[in-house]
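This report concerns only the one structure given below.
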Amino acid sequence: MNWITNYVRPRINSIFSRREVPENLWSKCDSCGTMLFHRELSDNLNVCTTCDHHMAISPRDRFLGLFDGGIFTEVPVPAPIADPLQFRDQKKYPERMKAAQKKTSETEAMLVVVGDIGRTPIVAAAQDFSFMGGSMGMYVGNAIIAAAERAVKLERPLILFSAAGGARMQEGILSLMQMPRTTVAVQMLKEANLPYIVVLTHPTTGGVTASYAMLGDVHIAEPNALICFAGPRVIEQTIREQLPEGFQRAEYLLDHGMLDRVTPRTKLRQELITITRMLLNLPPEIKGDLPPPTDAAGSGTKAQKDLASSSESKQA
Amino acid sequence: MTNYLNFEKPLAEIEGKAEELRALARQNAEMDIEAEAKALDAKAAELLKTLYSDLTPWRKCQVARHQDRPHCKDYISRLFDDYTPLAGDRNFADDHAVMGGLARFSGTPVMVIGHEKGADTKSRISRNFGMARPEGYRKAIRLMDMADKFNLPVITLVDTPGAYPGKGAEERGQSEAIARSTEKCLQIGVPLISVIIGEGGSGGAVAFATANRVAMLEHSIYSVISPEGCASILWKDAEKTREAAEALRLTAQDLAKLGVNDQVIKEPLGGAHRDPNTTLEAVRAAIAEMLAELSQKNRKQLLADRRKKYLKMGMTGLAA
Ligand SMILES: [Zn+2]
């Protein structure tokens, strides 16, 4: 493995991708109303330090907190053709896309990367709710397929963070077709016996929940995340009765057997490392400073081999 | 008695007049109305042809949902022999919105699965208007597994407004059930043929229609969201269904261009409900053809083809 291209360059990339924020910015918690100093909030992964309310976090910020040293490398996603249905509503789809790209500084609603967590090489994908509600269209489908293919090629687990208001209506039936397409991606991982861990974040709804988000080996949700097929308003209109307290929230789904765990974002990284390493039959993570890279050869080898040749497992 | 759709009102008037005339003549033997009635018949026939020659997407939605359109039950009783319903998900319940069981198609044993909307108030309620709960998808998964084990082709008949948005359905894992059903469609090594006979409503339809071959009836629809839902979200106006239906490209003709369905089965003039027998026979011929073609393929090819088909779907947009 080349130290410069695989280590230094991604770090530079990730430093440049850090969005500039004024140091004196304060933001208000949507839940308890406490004014929070921006630095404090982002250091706590956008979880309110007063009430533990989990606010939205961008895929890039999530990955900065997730990967060792905040280092990750983006996996390219094949671009689908733009506006495949030539969709016409009150605003043109390409214009909506441009607005979303400007707002988020991202290409689309999903980011796929590779990197190490607790010195465990993984592929990760995260859906961006701030990009057109995280809606699933051809790009998101392509991203999940690219993530699965990369995971299979590198023999690494895939950790996917879901967040979606539902379908990309402007892609009509092609949005719906991402349900089978992403299911094929999950099958690739399954056939390669690679762990597929889904972290369901607020909100995960509709076709996303009814496809790749519910097909994981392990389902972990962030506290109080709304997770459903049909939204609470649709259900209230259909059955004309009030829904119980906490209906379709993470804790409710845990009680109903749909999730393995509900884990606060601040404890998520450690938990993902622990679970992933057990599923991969690796020794427990060794904490502390990263040893200098020693392995000069064998790029693209499987996760276990990578680790077997690193100084860490020699110690273990 | 014909149940006319809104856009068929002028037709209803003409046909009504012709019928009135004939009723009068039956009471009064001296009246000679035949020439006039025949002229009205001809006018009606001409109008029907004009109305159906170029149905707008929103009109197609109405035809696809027509209450007298042949339903899953009609197809099963007409096209299959020895239909033996198999009930239940072995876990919670039997979902009457989903029919399924063993049957013979032209002598070949198959597994047939489909959504049934019901034909009158009582059956519509017991069928939950064709909106399946998790148990319906889990029954389908069980039957697909059985078909795979005994090497029987699977034929699915899709006709649903969507999966049921209910409290219990959510609590029992509607999302997971749909996801697993779609997954099962991609895992079975037997021919999987899907015919969209009416409404292909979102995830509730995909769960059965992820198939080697998908055929759609000429006036059936298949969509990620109902035009009503789309109109209220994007136009903020539930009345804009016509615009939404157009934008969504939910017709069999547009979807064929996108590669979502492999063929369009012609309906009789005036829609499937005006001549159910012809419709049922057209579907029989289409299934026979698809089945003959897929029977040539082995398990590996069937699985690989299905997967490849969905991986490349949508890559070319409307230009496909
Ligand atoms: Zn708070």
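Taken in order, these protein sequences are the chains called G and V. Residue numbers for the first sequence follow my numbering, beginning at 1 and rising by one. Residue numbers for the second sequence follow my numbering, beginning at 1001 and rising by one. For glycine and all other residues, C-beta sits at the position ideal for the given N, C-alpha and C.
Where residue i sits in the DSSP three-state scheme
i: ILE1125 (chain V); result: helix
i: MET1099 (chain V); result: strand
i: THR107 (chain G); result: coil
i: ASP116 (chain G); result: strand
i: GLU1239 (chain V); result: coil
i: MET1216 (chain V); result: strand
i: ALA56 (chain G); result: coil
i: VAL1195 (chain V); result: strand
i: ALA221 (chain G); result: strand
i: ILE1188 (chain V); result: coil
i: GLN1296 (chain V); result: coil
i: GLN1263 (chain V); result: strand
i: TYR1164 (chain V); result: coil
i: TYR212 (chain G); result: helix
i: ILE227 (chain G); result: strand
i: LYS1073 (chain V); result: helix
i: HIS1273 (chain V); result: helix
i: SER1181 (chain V); result: helix
i: THR1050 (chain V); result: helix
i: MET35 (chain G); result: strand
Any C-beta of chain G under 8 Å from that of residue i
i: LYS1167 (chain V); result: yes
i: VAL1154 (chain V); result: no
i: GLY1203 (chain V); result: yes
i: ALA1179 (chain V); result: yes
i: GLN1027 (chain V); result: no
i: MET1315 (chain V); result: yes
i: ASN1003 (chain V); result: no
i: GLU1013 (chain V); result: no
i: GLY961 (chain V); result: Shown here, chain V extends from 1001 to 1320; a query on residue 961 (chain V) therefore has no answer.
i: SER1194 (chain V); result: no
i: VAL1283 (chain V); result: no
i: ALA1064 (chain V); result: no
i: ILE1233 (chain V); result: yes
i: VAL1206 (chain V); result: yes
i: ALA1215 (chain V); result: no
i: THR1210 (chain V); result: yes
i: VAL1260 (chain V); result: yes
i: ARG1249 (chain V); result: yes
i: LEU1318 (chain V); result: yes
i: ILE1125 (chain V); result: no
Buried or exposed by the 16-neighbour rule on C-beta atoms within 10 Å, applied to residue i
i: GLY166 (chain G); result: buried
i: THR1182 (chain V); result: buried
i: THR1279 (chain V); result: buried
i: MET1001 (chain V); result: exposed
i: GLY1107 (chain V); result: exposed
i: PHE361 (chain G); result: Residue 361 (chain G) lies beyond the stretch modelled for chain G, which goes from 1 to 316, so this question has no answer here.
i: SER1053 (chain V); result: exposed
i: GLN1301 (chain V); result: exposed
i: SER105 (chain G); result: exposed
i: HIS1071 (chain V); result: buried
i: GLN242 (chain G); result: exposed
i: SER211 (chain G); result: buried
i: GLU40 (chain G); result: exposed
CB contact below 8 Å: residue i versus chain V
i: LEU174 (chain G); result: yes
i: LEU268 (chain G); result: no
i: CYS228 (chain G); result: yes
i: ARG181 (chain G); result: yes
i: PHE131 (chain G); result: no
i: ALA221 (chain G); result: no
i: GLY115 (chain G); result: no
i: MET97 (chain G); result: no
i: SER211 (chain G); result: yes
i: LEU243 (chain G); result: yes
i: ALA296 (chain G); result: Because ALA296 (chain G) carries a pLDDT of 48, less than 50, the predicted location of this residue cannot be relied on, and no value is offered for it.
i: VAL234 (chain G); result: yes
i: HIS202 (chain G); result: no
Any chain B beta carbon closer than 8 Å to residue i
i: ARG240 (chain G); result: Looking at the structure shown, chain B is missing, and the protein chains on hand are G and V.
Item to complete: Please list the segments of the beta strand (DSSP E) lying wholly inside the segment 109-187 of chain G, counting only runs of 3 or more residues, in order along the chain.
Response: 110-117, 120-127, 158-164
Worksheet item: Given 8 Å as the limit, is there contact between the segment 1026-1045 of chain V and the segment 1182-1202 of chain V, that is, 3 or more CB pairs closer than that?
Response: no
Worksheet item: How about the segment 222-229 of chain G and the segment 1169-1189 of chain V: do they share at least three Cβ pairs that are nearer than 8 Å?
Response: yes
Discussion item. For the segment 1227-1247 of chain V against the segment 175-185 of chain G, do three or more pairs of beta-carbon atoms, one drawn from each stretch, fall closer than 8 Å, so that the two count as touching?
Written reply: no
Worksheet item: Can you find at least 3 beta carbon pairs, one from the segment 114-133 of chain G and one from the segment 266-275 of chain G, that sit closer than 8 Å?
Response: yes
Fill in: At least 3 beta-carbon pairs within less than 8 Å: the segment 1147-1162 of chain V vs the segment 1024-1033 of chain V
no
Discussion item. For a minimum of 3 consecutive residues, which ranges assigned as the beta strand (DSSP E) are wholly contained in the segment 63-101 of chain G?
Written reply: 72-74
Fill in: Runs of alpha helix (DSSP H) wholly within the segment 1001-1057 of chain V (minimum 4 residues, chain order)
1009-1027, 1034-1053
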